[in-house]
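Structure first, commentary second.
Residue numbers (the numbering used here): 85 to 491.
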């Protein structure tokens with residue numbers, strides 16, 4: 085890894101090694117050793133002066149705004165979140181993009197200010213400007229062109245190398261499973277979760293994973309400003325049930341990793357969404373990083389694209405499916421995501437699920453609402469949403485949100 089990162093080992097030799105890993109796999113110890121070598125290939129954050137550090141990672145989903153809710157919850161619970169987050173690419177949104185919907189908010193902090201803010205508020209969140217795990221970026225580019233992306237030890241080491249380099253002692257993983265996720269089956273999700281938890285154990289970290297369903301978008305809103313609005317309503321105790329449930333479940337895992345009993349942890353986590361403490365932490369965090377805190381107090385100030393269009397039910401019945409991948413691609417078509425790094429995005433566009441699987445609809449009743457700007461990408465978005473909508477004659481029981489846990 086060191087030689088490859090420095091350019092001393094040629095791509096063709098590493099490509100051969102990648103194919104060997106792809107075909108033969110790696111033992112848990114080998115995977116952990118690879119991850120530690122990748123983490124050591126660049127900068128490593130020293131969070132030693134901070135108390136009870138915890139990080140959270142999601143493997144990427146549609147409508148997944150949990151970081152916006154969970155991180156202030158953890159801060160309100162007395163833990164410290166000093167987190168590096170990414171921007172969105174393709175159909176998955178990035179936490180940084182969502183927060184930049186708030187005027188003035190910046191992901192650029194000096195290391196000293198980053199650590200001081202984390203110590204003071206319990207929450208600091210910055211973009212990945214540091215040279216964390218550069219071996220991962222170089223390896224991923226090679227995996228992409230050698231058809232070795234879909235390898236469990238390589239996926240696990242890619243995710244965990246950045247988490248280990250980021251320095252937190254406890255890491256809570258949200259492993260998405262389903263149509264809108266990288267891992268399509270529960271078995272694949274469990275295997276990835278187990279590999280990442282094993283890496284953490286070998287590295288002396290506390291790592292816990294929750295497997296969650298991603299056939300349907302999380303919550304009701306997808307798109308940057310819209311997702312911040314839904315996160316704010318959840319921080320006020322008024323959010324959709326699935327989003328509320330997931331944030332509480334992830335907070336419980338973080339507290340349990342610090343030795344707290346699960347029942348007590350659940351009660352404390354729930355309380356932060358009802359007593360205003362998580363919302364207060366979010367407001368303080370926004371203000372500390374240059375954002376206008378009045379947007380937290382007056383959510384109507386957010387820029388939401390003014391155009392509206394709806395997808396209606398072709399017949400009476402019950403919603404049986406709303407394809408998460410289709411919703412994510414629709415947001416991308418509207419301009420709310422980027423096809424390649426560095427592209428500008430429209431924070432105000434998005435999709436609202438007016439009905440979710442299991443709910444009854446009448447013929448012609450709106451099921452999905454599109455927020456568009458001057459019709460940009462509207463035709464493509466509507467086509468994607470119609471293709472992903474299924475109406476059945478019998479009610480379907482929605483799939484459970486939490487599919488399993490791996491410790």
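By construction, the Cβ of each residue, glycine as well, lies at the ideal position given by its N, Cα and C atoms.
Inspect the beta-carbon positions of residue i and residue j and report whether they are closer than 8 Å.
i, j, result
"residue 165", "residue 207", "yes"
"residue 430", "residue 249", "no"
"residue 167", "residue 136", "no"
"residue 85", "residue 116", "no"
"residue 442", "residue 402", "yes"
"residue 378", "residue 241", "no"
"residue 272", "residue 245", "no"
"residue 433", "residue 451", "no"
"residue 152", "residue 312", "yes"
"residue 339", "residue 291", "no"
"residue 321", "residue 314", "no"
"residue 419", "residue 461", "yes"
"residue 319", "residue 362", "yes"
"residue 281", "residue 488", "no"
"residue 316", "residue 380", "yes"
"residue 99", "residue 226", "yes"
"residue 490", "residue 274", "yes"
"residue 397", "residue 468", "no"
"residue 235", "residue 105", "yes"
Check residue i in the structure and name its three-state DSSP category.
i, result
"residue 402", "strand"
"residue 169", "strand"
"residue 534", "This structure does not reach residue 534, given that the chain is present from 85 up to 491, and the question cannot be answered."
"residue 108", "helix"
"residue 423", "coil"
"residue 90", "coil"
"residue 233", "coil"
"residue 440", "coil"
"residue 286", "helix"
"residue 461", "coil"
"residue 85", "coil"
"residue 359", "coil"
"residue 193", "coil"
"residue 413", "helix"
"residue 219", "helix"
"residue 209", "strand"
"residue 486", "strand"
"residue 143", "coil"
"residue 391", "strand"
"residue 258", "strand"
"residue 253", "coil"
"residue 374", "coil"
"residue 344", "coil"
"residue 297", "strand"
Have a look at the options and flag the residue whose alpha-carbon is nearest the alpha-carbon of residue i.
i, options, result
"residue 503", "133, 160, 97", "Outside the displayed range of the chain (85 to 491) lies residue 503, so it cannot be described from this structure."
"residue 237", "382, 474, 277", "277"
"residue 228", "102, 380, 444", "102"
"residue 157", "95, 255, 334", "334"
"residue 482", "259, 404, 309", "404"
"residue 476", "440, 462, 489, 487", "440"
"residue 342", "201, 255, 466, 185", "255"
"residue 479", "436, 426, 400", "400"
"residue 222", "178, 123, 247, 436", "123"
"residue 232", "326, 109, 187", "109"
"residue 247", "268, 289, 224", "289"
"residue 145", "376, 469, 295, 348", "295"
"residue 211", "170, 239, 368, 106", "170"
"residue 286", "355, 267, 113, 104", "113"
"residue 485", "189, 215, 325, 268", "325"
"residue 344", "463, 161, 90", "161"
"residue 251", "284, 235, 230, 224", "284"
"residue 369", "96, 189, 105", "189"
"residue 253", "347, 179, 183, 129", "129"
Round the Cβ separation of residue i and residue j to the nearest angstrom and send it over; I've been treating them as touching at under 8 Å.
i, j, result
"residue 412", "residue 306", "7 Å"
"residue 155", "residue 142", "The Cβ separation is near 12 Å, so there is no contact."
"residue 308", "residue 181", "5 Å"
"residue 453", "residue 438", "6 Å"
"residue 372", "residue 186", "Not a contact, Cβ separation roughly 12 Å."
"residue 217", "residue 259", "Residue 217 to residue 259, Cβ: 20 Å. No contact."
"residue 349", "residue 336", "5 Å"
Confirm the yes/no value for this check: CB of residue i, any heavy atom of the ligand MG, distance under 7 Å.
i, result
"residue 455", "With respect to small molecules bound, the structure shown includes none, and the ligand MG cannot be examined in it."
Between residue i and chain C, is the shortest Cβ-Cβ distance under 8 Å, so that the two count as touching?
i, result
"residue 491", "Looking for chain C here will not work: only one protein chain is present."
Query raised in the report: Are at least three pairs of beta-carbons, each pair with one atom in the region 391-398 and one in the region 454-462, less than 8 Å apart?
Result: yes
Query raised in the report: Between the region 296-312 and the region 407-419, are three or more C-beta pairs nearer than 8 Å?
Result: yes
Query - Cβ pair count under 8 Å reaching 3, the region 324-338 against the region 446-453 - result: no
Report task. Would you be able to state if there are at least three C-beta pairs under 8 Å between the region 284-300 and the region 257-265? Result -> yes
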